[in-house]
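Take the sequence shown: its letters are residues -22 to -1, 1 to 82, numbered as in mature numbering (1 follows the signal peptide of the UniProt record, and there is no 0). A virtual CB, placed ideally from N, CA and C, is assigned to each residue, including glycine. Working notes for the structure below.
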Amino acid sequence: MKTFLAALLMLGLALAPQAARAQGAAVLTTPAIPSVTLPSVTLPEVPSQRITAGHAMALGVGLFAGAVAGSALIHGGALATAIGAAAGLALGHWVWTEADIDID
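Okay, here's the thing in structure tokens:
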């Protein structure tokens, strides 16, 4: 009986690499997953906006003045500087678009 179990165990060990190769080959031959195609989206034409040198100067001055004012008035800190800079950008843009300043 011992020899029968030993022979069965040896046969199992001998066939194990072949079974692993057969299983690996089955994995390699599986069909590929089909690719997903997305519907195309066409965006409307956006007119190009030209920022003039005067507008850029107004935005830069507003950014700098707002950052300094925000830092000084709210007693420093990065958040105060960022809030002041955003307010300065908005104010600089408003002055450039609404005021009748012709620098260019």
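Own chain residues within Cβ distance below 6 angstroms of residue i, not counting five before or after
i: L41; result: A63, G66, L67
Residue i, DSSP secondary structure in three states
i: G40; result: helix
i: I29; result: coil
i: I52; result: coil
i: A64; result: helix
i: T75; result: helix
i: V19; result: coil
i: M(-22); result: coil
i: V46; result: helix
i: A34; result: helix
Cβ-based neighbour list, residue i, same chain, cut-off 8 angstroms, excluding 5 preceding and 5 following
i: I52; result: A58, I61, G62
i: G55; result: S49
Would you call the stretch 13 to 25 in contact with the stretch 35 to 50, where contact means no fewer than 3 C-beta pairs closer than 8 angstroms?
no
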